[in-house]
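Numbering (the working numbering), first residue to last: 13 to 478.
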(Lines of atoms letter the chains of each structure in order from A and count residues from 1; the text may use other names and numbers.)
(Lines give C-alpha, C1' and ligand atoms only; values in the text may rest on other atoms or scores of the structure.)
Protein backbone atom coordinates (compact mmCIF):
# COMPACT_ATOMS: atom_id res chain seq x y z
CA UNK A 1 0.00 0.00 0.00
CA UNK A 2 1.94 3.05 -1.23
CA UNK A 3 -0.16 5.65 0.57
CA UNK A 4 2.84 6.73 2.64
CA UNK A 5 4.81 7.97 -0.35
CA UNK A 6 1.50 9.09 -1.87
CA UNK A 7 1.03 11.54 1.00
CA UNK A 8 4.46 13.00 0.26
CA UNK A 9 4.54 12.97 -3.55
CA UNK A 10 1.05 12.05 -4.76
CA UNK A 11 0.61 9.85 -7.83
CA UNK A 12 4.24 10.55 -8.75
CA UNK A 13 5.25 8.66 -5.60
CA UNK A 14 3.02 5.69 -6.45
CA UNK A 15 4.46 5.56 -9.97
CA UNK A 16 7.96 5.70 -8.47
CA UNK A 17 7.19 2.59 -6.42
CA UNK A 18 5.75 0.76 -9.42
CA UNK A 19 8.79 1.57 -11.55
CA UNK A 20 11.23 0.63 -8.81
CA UNK A 21 9.48 -2.70 -8.21
CA UNK A 22 9.99 -3.62 -11.86
CA UNK A 23 13.73 -3.93 -11.20
CA UNK A 24 13.17 -6.84 -8.79
CA UNK A 25 11.86 -10.38 -9.36
CA UNK A 26 9.83 -10.04 -6.17
CA UNK A 27 6.11 -10.19 -6.90
CA UNK A 28 4.96 -6.86 -5.54
CA UNK A 29 1.25 -6.17 -5.67
CA UNK A 30 0.17 -2.58 -5.10
CA UNK A 31 -3.01 -0.83 -4.05
CA UNK A 32 -4.38 2.55 -5.10
CA UNK A 33 -4.24 4.91 -2.10
CA UNK A 34 -7.78 5.87 -1.10
CA UNK A 35 -7.15 8.57 1.49
CA UNK A 36 -4.43 11.03 0.49
CA UNK A 37 -4.43 13.04 2.62
CA UNK A 38 -5.95 10.93 5.38
CA UNK A 39 -7.92 13.93 6.68
CA UNK A 40 -8.34 17.64 5.95
CA UNK A 41 -7.02 18.42 9.42
CA UNK A 42 -3.33 18.03 8.53
CA UNK A 43 -0.93 19.22 5.85
CA UNK A 44 0.26 16.59 3.39
CA UNK A 45 2.58 16.98 0.45
CA UNK A 46 -0.04 15.96 -2.09
CA UNK A 47 -3.57 14.74 -2.66
CA UNK A 48 -4.92 11.94 -4.85
CA UNK A 49 -8.28 12.65 -6.47
CA UNK A 50 -11.07 10.30 -7.50
CA UNK A 51 -9.96 10.62 -11.14
CA UNK A 52 -6.38 9.72 -10.19
CA UNK A 53 -7.59 6.73 -8.16
CA UNK A 54 -9.55 5.55 -11.20
CA UNK A 55 -6.47 5.87 -13.39
CA UNK A 56 -4.41 3.87 -10.90
CA UNK A 57 -7.06 1.16 -10.66
CA UNK A 58 -6.95 0.79 -14.44
CA UNK A 59 -3.30 -0.29 -14.11
CA UNK A 60 -3.09 -4.12 -13.89
CA UNK A 61 -0.28 -3.78 -11.34
CA UNK A 62 -2.77 -2.15 -8.96
CA UNK A 63 -4.72 -5.01 -7.41
CA UNK A 64 -7.03 -3.28 -4.94
CA UNK A 65 -8.12 -0.02 -3.32
CA UNK A 66 -5.90 0.61 -0.32
CA UNK A 67 -7.32 0.99 3.17
CA UNK A 68 -10.27 3.36 3.36
CA UNK A 69 -9.18 5.17 6.50
CA UNK A 70 -11.90 7.80 6.42
CA UNK A 71 -14.48 5.52 7.99
CA UNK A 72 -16.44 8.50 9.39
CA UNK A 73 -16.71 9.75 5.81
CA UNK A 74 -17.98 6.39 4.59
CA UNK A 75 -20.58 6.27 7.36
CA UNK A 76 -21.65 9.84 6.56
CA UNK A 77 -22.02 9.03 2.85
CA UNK A 78 -19.13 11.24 1.72
CA UNK A 79 -19.34 11.32 -2.07
CA UNK A 80 -15.58 11.17 -2.65
CA UNK A 81 -15.11 8.15 -0.38
CA UNK A 82 -18.00 6.30 -2.00
CA UNK A 83 -16.81 7.19 -5.52
CA UNK A 84 -13.41 5.65 -4.84
CA UNK A 85 -15.01 2.48 -3.47
CA UNK A 86 -17.32 2.31 -6.49
CA UNK A 87 -14.35 2.69 -8.84
CA UNK A 88 -12.73 -0.41 -7.34
CA UNK A 89 -15.97 -2.38 -7.41
CA UNK A 90 -16.58 -1.51 -11.06
CA UNK A 91 -13.18 -2.98 -11.90
CA UNK A 92 -13.69 -6.08 -9.78
CA UNK A 93 -10.99 -5.12 -7.30
CA UNK A 94 -11.34 -5.48 -3.51
CA UNK A 95 -11.34 -2.60 -1.03
CA UNK A 96 -9.23 -2.70 2.11
CA UNK A 97 -10.71 -1.25 5.28
CA UNK A 98 -9.48 0.63 8.31
CA UNK A 99 -11.99 0.96 11.13
CA UNK A 100 -10.38 0.80 14.59
CA UNK A 101 -12.92 0.12 17.31
CA UNK A 102 -15.93 0.12 14.98
CA UNK A 103 -18.62 -2.26 16.27
CA UNK A 104 -22.19 -3.37 15.67
CA UNK A 105 -24.37 -1.43 13.25
CA UNK A 106 -21.61 1.05 12.42
CA UNK A 107 -19.24 -1.77 11.46
CA UNK A 108 -21.96 -3.43 9.39
CA UNK A 109 -22.76 -0.17 7.59
CA UNK A 110 -19.11 0.51 6.85
CA UNK A 111 -18.62 -2.98 5.41
CA UNK A 112 -21.88 -2.81 3.45
CA UNK A 113 -20.44 0.21 1.62
CA UNK A 114 -18.01 -2.18 -0.08
CA UNK A 115 -15.22 -2.82 2.42
CA UNK A 116 -13.76 -6.33 2.19
CA UNK A 117 -10.98 -6.46 4.84
CA UNK A 118 -9.95 -4.85 8.12
CA UNK A 119 -6.61 -5.02 9.94
CA UNK A 120 -7.40 -2.66 12.82
CA UNK A 121 -9.24 -5.01 15.20
CA UNK A 122 -7.77 -5.00 18.69
CA UNK A 123 -10.40 -7.20 20.38
CA UNK A 124 -11.95 -10.47 19.30
CA UNK A 125 -15.45 -9.09 19.82
CA UNK A 126 -14.72 -6.34 17.31
CA UNK A 127 -13.37 -8.87 14.81
CA UNK A 128 -16.45 -11.07 15.21
CA UNK A 129 -18.75 -8.13 14.47
CA UNK A 130 -16.88 -7.48 11.23
CA UNK A 131 -16.72 -11.16 10.27
CA UNK A 132 -20.49 -11.41 10.79
CA UNK A 133 -20.91 -8.59 8.28
CA UNK A 134 -18.86 -10.49 5.69
CA UNK A 135 -15.51 -8.77 6.13
CA UNK A 136 -12.23 -10.67 6.16
CA UNK A 137 -9.89 -9.98 9.09
CA UNK A 138 -6.14 -9.48 8.77
CA UNK A 139 -4.52 -10.27 12.10
CA UNK A 140 -1.88 -7.59 12.63
CA UNK A 141 1.36 -7.94 14.54
CA UNK A 142 3.68 -5.01 13.93
CA UNK A 143 6.38 -3.29 15.91
CA UNK A 144 3.90 -1.03 17.73
CA UNK A 145 0.44 -2.50 17.04
CA UNK A 146 0.29 -6.03 18.39
CA UNK A 147 -3.10 -7.73 18.06
CA UNK A 148 -2.07 -11.32 17.38
CA UNK A 149 -2.66 -12.76 20.85
CA UNK A 150 -6.17 -11.31 21.05
CA UNK A 151 -7.20 -12.66 17.64
CA UNK A 152 -5.21 -15.85 17.02
CA UNK A 153 -8.11 -18.24 17.73
CA UNK A 154 -9.94 -16.81 14.70
CA UNK A 155 -7.54 -18.78 12.49
CA UNK A 156 -9.19 -22.06 13.44
CA UNK A 157 -12.70 -20.72 13.94
CA UNK A 158 -13.05 -18.84 10.63
CA UNK A 159 -10.84 -20.54 8.04
CA UNK A 160 -10.86 -18.77 4.71
CA UNK A 161 -11.83 -15.44 6.29
CA UNK A 162 -8.60 -14.59 8.11
CA UNK A 163 -5.18 -13.41 6.93
CA UNK A 164 -1.94 -12.35 8.64
CA UNK A 165 -0.17 -9.01 8.28
CA UNK A 166 2.43 -6.80 9.92
CA UNK A 167 1.18 -3.33 8.88
CA UNK A 168 4.31 -1.49 10.12
CA UNK A 169 7.50 -3.24 11.16
CA UNK A 170 10.98 -1.95 11.93
CA UNK A 171 13.92 -3.20 9.83
CA UNK A 172 15.74 -4.87 12.71
CA UNK A 173 12.64 -6.97 13.41
CA UNK A 174 12.30 -7.90 9.73
CA UNK A 175 15.76 -9.46 9.96
CA UNK A 176 14.29 -12.01 12.39
CA UNK A 177 11.35 -12.91 10.16
CA UNK A 178 7.91 -11.83 9.02
CA UNK A 179 4.71 -13.80 8.35
CA UNK A 180 6.59 -17.05 9.04
CA UNK A 181 6.98 -15.98 12.68
CA UNK A 182 3.23 -15.51 13.01
CA UNK A 183 2.61 -18.97 11.58
CA UNK A 184 5.06 -20.36 14.14
CA UNK A 185 3.26 -18.57 16.97
CA UNK A 186 -0.13 -19.73 15.73
CA UNK A 187 0.94 -23.38 15.72
CA UNK A 188 2.48 -22.94 19.18
CA UNK A 189 -0.88 -21.57 20.34
CA UNK A 190 -2.64 -24.76 19.20
CA UNK A 191 -3.81 -23.73 15.73
CA UNK A 192 -3.65 -26.47 13.11
CA UNK A 193 -0.62 -25.85 10.89
CA UNK A 194 -2.69 -25.92 7.72
CA UNK A 195 -5.23 -23.43 9.07
CA UNK A 196 -2.32 -21.10 9.81
CA UNK A 197 -0.76 -21.71 6.38
CA UNK A 198 -4.09 -21.11 4.66
CA UNK A 199 -4.27 -17.66 6.28
CA UNK A 200 -0.64 -16.90 5.43
CA UNK A 201 -0.52 -18.21 1.88
CA UNK A 202 -3.84 -18.98 0.20
CA UNK A 203 -6.42 -16.49 1.45
CA UNK A 204 -4.38 -13.46 0.29
CA UNK A 205 -3.83 -15.00 -3.16
CA UNK A 206 -7.54 -15.63 -3.57
CA UNK A 207 -8.72 -12.34 -2.09
CA UNK A 208 -6.43 -10.07 -4.10
CA UNK A 209 -6.21 -12.30 -7.23
CA UNK A 210 -2.44 -12.40 -6.92
CA UNK A 211 -0.24 -13.88 -9.62
CA UNK A 212 1.52 -16.15 -7.15
CA UNK A 213 1.99 -19.88 -7.54
CA UNK A 214 0.06 -22.31 -5.32
CA UNK A 215 2.10 -25.45 -6.10
CA UNK A 216 -0.44 -26.61 -8.69
CA UNK A 217 0.61 -28.13 -12.00
CA UNK A 218 1.44 -25.27 -14.35
CA UNK A 219 1.80 -22.67 -11.59
CA UNK A 220 4.94 -20.53 -11.32
CA UNK A 221 7.28 -22.12 -8.78
CA UNK A 222 6.89 -19.58 -5.98
CA UNK A 223 7.56 -21.21 -2.62
CA UNK A 224 9.72 -21.34 0.48
CA UNK A 225 11.46 -24.26 2.13
CA UNK A 226 11.19 -24.31 5.92
CA UNK A 227 12.96 -26.40 8.53
CA UNK A 228 9.77 -27.83 10.10
CA UNK A 229 6.03 -27.35 10.49
CA UNK A 230 6.56 -26.05 14.01
CA UNK A 231 9.43 -23.57 13.71
CA UNK A 232 8.89 -22.38 10.11
CA UNK A 233 12.45 -21.11 9.86
CA UNK A 234 12.93 -20.23 6.19
CA UNK A 235 15.84 -22.06 4.59
CA UNK A 236 15.42 -21.13 0.93
CA UNK A 237 13.08 -19.07 -1.23
CA UNK A 238 12.17 -19.54 -4.90
CA UNK A 239 10.38 -17.09 -7.20
CA UNK A 240 9.28 -18.34 -10.61
CA UNK A 241 11.59 -21.33 -10.20
CA UNK A 242 14.66 -19.25 -9.35
CA UNK A 243 16.44 -19.53 -6.02
CA UNK A 244 16.51 -15.95 -4.67
CA UNK A 245 17.39 -16.37 -0.98
CA UNK A 246 19.20 -18.91 1.15
CA UNK A 247 20.15 -19.16 4.83
CA UNK A 248 18.62 -15.80 5.66
CA UNK A 249 20.46 -13.87 2.95
CA UNK A 250 19.30 -12.59 -0.42
CA UNK A 251 20.95 -13.89 -3.57
CA UNK A 252 19.72 -10.90 -5.56
CA UNK A 253 22.07 -8.02 -6.44
CA UNK A 254 21.80 -4.85 -4.37
CA UNK A 255 20.57 -1.84 -6.32
CA UNK A 256 20.57 1.81 -5.27
CA UNK A 257 17.29 3.58 -6.03
CA UNK A 258 16.91 7.10 -7.33
CA UNK A 259 16.14 9.47 -4.47
CA UNK A 260 12.84 11.37 -4.66
CA UNK A 261 11.72 13.73 -1.95
CA UNK A 262 9.77 16.80 -0.94
CA UNK A 263 11.26 18.59 2.05
CA UNK A 264 11.36 22.24 3.05
CA UNK A 265 14.31 22.46 5.41
CA UNK A 266 13.24 25.07 7.96
CA UNK A 267 15.04 25.01 11.29
CA UNK A 268 13.11 25.54 14.49
CA UNK A 269 14.44 27.41 17.52
CA UNK A 270 13.82 26.39 21.13
CA UNK A 271 11.76 29.54 21.69
CA UNK A 272 9.43 28.46 18.87
CA UNK A 273 8.33 25.56 21.05
CA UNK A 274 7.08 27.56 24.02
CA UNK A 275 3.59 26.72 25.33
CA UNK A 276 2.11 29.52 27.43
CA UNK A 277 0.23 28.46 30.54
CA UNK A 278 -3.43 29.31 31.04
CA UNK A 279 -3.92 29.38 34.82
CA UNK A 280 -6.79 27.31 36.13
CA UNK A 281 -6.91 24.99 33.13
CA UNK A 282 -5.88 21.35 32.90
CA UNK A 283 -3.42 20.04 30.35
CA UNK A 284 -5.03 17.59 27.91
CA UNK A 285 -2.43 14.83 27.57
CA UNK A 286 -2.12 12.08 24.95
CA UNK A 287 -1.59 8.77 26.76
CA UNK A 288 0.34 6.43 24.46
CA UNK A 289 -0.42 2.72 24.93
CA UNK A 290 2.36 0.21 24.35
CA UNK A 291 1.36 -2.28 21.67
CA UNK A 292 -1.60 -0.20 20.46
CA UNK A 293 -2.18 2.62 18.00
CA UNK A 294 -5.12 4.02 19.93
CA UNK A 295 -4.44 6.49 22.73
CA UNK A 296 -6.25 7.72 25.82
CA UNK A 297 -7.02 11.28 26.89
CA UNK A 298 -5.76 12.28 30.34
CA UNK A 299 -6.24 15.67 32.04
CA UNK A 300 -3.45 16.71 34.42
CA UNK A 301 -2.21 19.81 36.19
CA UNK A 302 0.56 21.30 34.03
CA UNK A 303 4.12 21.80 35.22
CA UNK A 304 4.84 25.50 34.73
CA UNK A 305 8.14 27.39 34.66
CA UNK A 306 8.15 31.16 34.17
CA UNK A 307 4.68 31.07 32.65
CA UNK A 308 5.43 28.25 30.20
CA UNK A 309 4.17 24.67 30.33
CA UNK A 310 7.17 22.33 30.28
CA UNK A 311 7.82 18.59 30.28
CA UNK A 312 7.12 16.95 33.63
CA UNK A 313 9.69 14.16 33.74
CA UNK A 314 8.64 12.98 37.20
CA UNK A 315 5.11 12.34 35.91
CA UNK A 316 6.29 11.11 32.49
CA UNK A 317 4.46 13.89 30.66
CA UNK A 318 6.69 15.10 27.83
CA UNK A 319 6.35 17.78 25.20
CA UNK A 320 5.56 16.59 21.69
CA UNK A 321 5.98 18.68 18.54
CA UNK A 322 4.83 18.36 14.92
CA UNK A 323 6.50 20.58 12.31
CA UNK A 324 5.16 21.02 8.78
CA UNK A 325 7.79 19.66 6.37
CA UNK A 326 6.15 21.01 3.22
CA UNK A 327 6.13 24.74 3.93
CA UNK A 328 7.26 27.17 6.61
CA UNK A 329 4.67 27.24 9.40
CA UNK A 330 4.60 27.51 13.21
CA UNK A 331 5.09 24.17 14.99
CA UNK A 332 2.20 22.50 16.81
CA UNK A 333 2.69 21.34 20.38
CA UNK A 334 1.06 18.85 22.72
CA UNK A 335 2.09 16.65 25.63
CA UNK A 336 2.32 12.88 25.72
CA UNK A 337 2.54 10.29 28.48
CA UNK A 338 4.37 6.93 28.62
CA UNK A 339 7.39 7.66 26.45
CA UNK A 340 9.47 7.56 29.62
CA UNK A 341 12.41 9.73 28.57
CA UNK A 342 14.29 11.34 31.45
CA UNK A 343 16.70 13.11 29.11
CA UNK A 344 17.09 13.86 25.40
CA UNK A 345 14.67 13.98 22.49
CA UNK A 346 13.75 11.82 19.50
CA UNK A 347 12.37 12.91 16.14
CA UNK A 348 11.12 11.32 12.92
CA UNK A 349 9.89 12.27 9.45
CA UNK A 350 7.89 9.03 9.43
CA UNK A 351 4.70 10.36 10.99
CA UNK A 352 1.51 8.82 9.67
CA UNK A 353 -0.02 9.76 7.44
CA UNK A 354 1.16 13.13 6.19
CA UNK A 355 4.74 12.50 7.34
CA UNK A 356 5.53 15.85 8.82
CA UNK A 357 8.34 15.88 11.38
CA UNK A 358 7.28 14.67 14.82
CA UNK A 359 9.35 14.77 18.01
CA UNK A 360 9.08 14.11 21.73
CA UNK A 361 11.58 15.17 24.34
CA UNK A 362 12.46 16.61 27.71
CA UNK A 363 13.77 20.09 26.88
CA UNK A 364 13.07 22.55 24.11
CA UNK A 365 16.80 22.65 23.28
CA UNK A 366 16.90 18.91 22.66
CA UNK A 367 13.60 18.94 20.80
CA UNK A 368 14.80 21.66 18.45
CA UNK A 369 18.12 19.87 17.89
CA UNK A 370 16.41 16.54 17.13
CA UNK A 371 13.95 18.18 14.72
CA UNK A 372 16.71 20.12 12.96
CA UNK A 373 18.80 16.95 12.59
CA UNK A 374 15.91 15.39 10.65
CA UNK A 375 15.50 18.56 8.59
CA UNK A 376 19.21 18.64 7.73
CA UNK A 377 19.04 15.02 6.52
CA UNK A 378 15.97 15.79 4.36
CA UNK A 379 14.17 13.17 6.37
CA UNK A 380 15.10 10.47 8.83
CA UNK A 381 15.12 9.44 12.47
CA UNK A 382 17.16 11.22 15.12
CA UNK A 383 18.04 11.05 18.80
CA UNK A 384 19.77 13.96 20.56
CA UNK A 385 20.85 14.48 24.17
CA UNK A 386 22.78 17.68 24.79
CA UNK A 387 23.47 16.73 28.38
CA UNK A 388 25.32 13.59 27.37
CA UNK A 389 26.66 14.96 24.11
CA UNK A 390 24.91 12.20 22.15
CA UNK A 391 23.53 12.49 18.62
CA UNK A 392 22.31 9.77 16.22
CA UNK A 393 20.71 10.22 12.80
CA UNK A 394 19.37 7.60 10.37
CA UNK A 395 18.83 9.40 7.03
CA UNK A 396 15.75 8.47 4.99
CA UNK A 397 16.43 10.26 1.69
CA UNK A 398 13.65 8.55 -0.31
CA UNK A 399 10.61 10.72 0.43
CA UNK A 400 11.79 11.07 4.03
CA UNK A 401 10.42 7.54 4.51
CA UNK A 402 12.95 5.06 3.15
CA UNK A 403 16.69 4.44 3.26
CA UNK A 404 18.86 3.33 0.36
CA UNK A 405 21.00 0.82 2.27
CA UNK A 406 20.45 -2.88 2.81
CA UNK A 407 18.07 -4.18 5.45
CA UNK A 408 21.09 -5.24 7.50
CA UNK A 409 22.63 -1.76 7.35
CA UNK A 410 19.39 0.04 8.10
CA UNK A 411 18.47 -2.46 10.81
CA UNK A 412 21.79 -1.91 12.58
CA UNK A 413 21.44 1.88 12.41
CA UNK A 414 17.92 1.66 13.76
CA UNK A 415 19.07 -0.57 16.63
CA UNK A 416 21.50 2.17 17.71
CA UNK A 417 18.69 4.75 17.79
CA UNK A 418 16.37 2.37 19.60
CA UNK A 419 19.02 1.54 22.19
CA UNK A 420 19.75 5.24 22.74
CA UNK A 421 16.19 6.27 23.56
CA UNK A 422 15.69 3.19 25.72
CA UNK A 423 18.86 4.05 27.64
CA UNK A 424 17.28 7.47 28.25
CA UNK A 425 14.33 5.80 29.96
CA UNK A 426 11.80 4.73 27.34
CA UNK A 427 10.18 1.38 28.15
CA UNK A 428 8.10 1.24 24.96
CA UNK A 429 8.83 -1.85 22.86
CA UNK A 430 9.09 0.26 19.70
CA UNK A 431 9.48 3.94 20.63
CA UNK A 432 9.94 5.24 17.08
CA UNK A 433 7.04 3.23 15.72
CA UNK A 434 4.81 4.44 18.55
CA UNK A 435 5.94 8.02 17.89
CA UNK A 436 5.10 7.69 14.19
CA UNK A 437 1.44 7.00 15.01
CA UNK A 438 0.98 9.93 17.40
CA UNK A 439 0.02 12.06 14.39
CA UNK A 440 -2.42 9.56 12.81
CA UNK A 441 -5.69 11.39 13.31
CA UNK A 442 -7.96 8.61 12.05
CA UNK A 443 -7.15 6.47 15.09
CA UNK A 444 -8.56 7.88 18.37
CA UNK A 445 -8.48 9.24 20.95
CA UNK A 446 -6.05 12.19 21.00
CA UNK A 447 -3.41 12.82 18.32
CA UNK A 448 -1.34 15.80 17.16
CA UNK A 449 -1.23 17.16 13.61
CA UNK A 450 0.82 20.06 12.30
CA UNK A 451 -2.34 22.14 12.82
CA UNK A 452 -2.98 21.24 16.46
CA UNK A 453 -4.31 18.75 19.00
CA UNK A 454 -7.03 16.56 17.49
CA UNK A 455 -9.81 14.53 19.10
CA UNK A 456 -10.35 11.38 17.03
CA UNK A 457 -13.64 10.62 18.77
CA UNK A 458 -15.33 13.91 17.84
CA UNK A 459 -13.16 14.35 14.71
CA UNK A 460 -12.30 17.96 15.51
CA UNK A 461 -9.53 20.01 17.05
CA UNK A 462 -9.51 20.35 20.82
CA UNK A 463 -7.76 22.83 23.15
CA UNK A 464 -4.45 21.82 24.70
CA UNK A 465 -5.42 23.53 27.95
CA UNK A 466 -9.06 23.22 28.96
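For glycine and all other residues, C-beta sits at the position ideal for the given N, C-alpha and C.
Cutting at 8 Å between CB atoms, please list the residues of its own chain near residue i, excluding the five before and the five after it.
i           : result
residue 18  : 25, 26, 45, 48, 58 and 60
residue 124 : 145
residue 115 : 137, 138 and 141
residue 332 : 298, 345, 346, 347, 348, 370, 371, 372, 450 and 460
residue 353 : 325, 330, 372, 373, 374, 433, 436, 437 and 438
residue 99  : 62, 65, 66, 69 and 77
residue 420 : 187
residue 215 : 148, 172, 173, 174 and 175
residue 143 : 149, 166, 170 and 173
residue 360 : 369, 370, 371, 386, 392, 393, 394, 444, 447 and 448
In three-state terms, what does DSSP make of residue i?
i           : result
residue 273 : coil
residue 470 : coil
residue 16  : helix
residue 27  : helix
residue 307 : strand
residue 142 : helix
residue 8   : Lying before the first or after the last residue shown, residue 8 is absent from the chain, which here runs from 13 to 478.
residue 257 : strand
residue 62  : helix
residue 85  : helix
residue 481 : The requested residue 481 does not occur in the structure, where the chain is confined to residues 13 to 478.
residue 235 : strand
residue 228 : coil
residue 338 : coil
residue 101 : helix
residue 294 : coil
residue 217 : helix
residue 397 : strand
residue 7   : Given a span of 13 to 478 for the chain in the structure shown, any question on residue 7 remains unanswerable.
residue 2   : As shown, the chain starts at 13 and ends at 478. That puts residue 2 outside it, with no answer to give.
Just reading off the alpha helix (DSSP H) that residue i is part of, what are its end residues?
i           : result
residue 196 : 191-200
residue 377 : 376-388
residue 445 : 443-448
residue 183 : 183-186
residue 162 : 160-163
residue 243 : Neither: residue 243 is in no alpha helix (DSSP H) and is coded neither H nor E.
residue 317 : From DSSP, residue 317 is part of no alpha helix (DSSP H) but of the beta strand (DSSP E) over 315-317.
residue 209 : 205-209
Please confirm whether residue i and residue j have their CB atoms less than 8 Å apart.
i           : j           : result
residue 320 : residue 287 : yes
residue 101 : residue 126 : yes
residue 13  : residue 78  : yes
residue 105 : residue 65  : no
residue 444 : residue 430 : yes
residue 224 : residue 37  : no
residue 209 : residue 229 : no
residue 164 : residue 151 : yes
residue 190 : residue 442 : no
Can you grab the Cα-Cα spacing for the pair residue i / residue j, in whole Å?
i           : j           : result
residue 449 : residue 363 : 6 Å
residue 62  : residue 221 : 23 Å
residue 475 : residue 458 : 11 Å
residue 283 : residue 42  : 43 Å
residue 139 : residue 232 : 34 Å
residue 35  : residue 136 : 40 Å
residue 389 : residue 408 : 7 Å
residue 335 : residue 278 : 9 Å
residue 29  : residue 478 : 44 Å
residue 6   : residue 471 : Residue 6 lies beyond the range of the chain shown here (13 to 478); nothing can be said about it.
residue 308 : residue 456 : 8 Å
residue 56  : residue 276 : 12 Å
residue 454 : residue 52  : 11 Å
residue 378 : residue 21  : 30 Å
residue 118 : residue 87  : 7 Å
residue 316 : residue 342 : 22 Å
residue 310 : residue 234 : 50 Å
residue 50  : residue 318 : 38 Å
residue 381 : residue 440 : 22 Å
Starting from residue i, follow the beta strand (DSSP E) in both directions and report where the run begins and ends.
i           : result
residue 430 : First-last for residue 430: 419-435, but that is the alpha helix (DSSP H), not the beta strand (DSSP E).
residue 479 : Residue 479 falls outside the range modelled here, since the chain spans only 13 to 478, and no answer is possible.
residue 329 : 329-335
residue 407 : 402-407
residue 1   : No answer is possible for residue 1: the residues shown for the chain start at 13 and end at 478.
residue 414 : No beta strand (DSSP E) holds residue 414; DSSP gives it neither H nor E.
Near residue i, what residues of its chain come up, given a Cβ to Cβ distance below 7 Å and the 5 sequence neighbours on each side ignored?
i           : result
residue 204 : 168
residue 245 : 238 and 239
residue 147 : 109, 123, 127, 128, 129 and 130
residue 158 : 303
Between which residues of its own chain and residue i is the CB-CB distance below 6 Å, once the five residues before and five after are set aside?
i           : result
residue 211 : 167, 174, 175 and 176
residue 465 : 346, 474 and 476
residue 399 : 355
residue 423 : 183, 184 and 187
Consider the Cβ of residue i: report whether some Cβ of chain D lies at a distance smaller than 8 Å.
i          : result
residue 48 : Absent from the structure is chain D; it holds one protein chain and no more.
Residue i: beta carbon under 7 Å from a heavy atom of the ligand MN?
i           : result
residue 469 : The model on display carries no ligand, and the ligand MN is accordingly not part of it.
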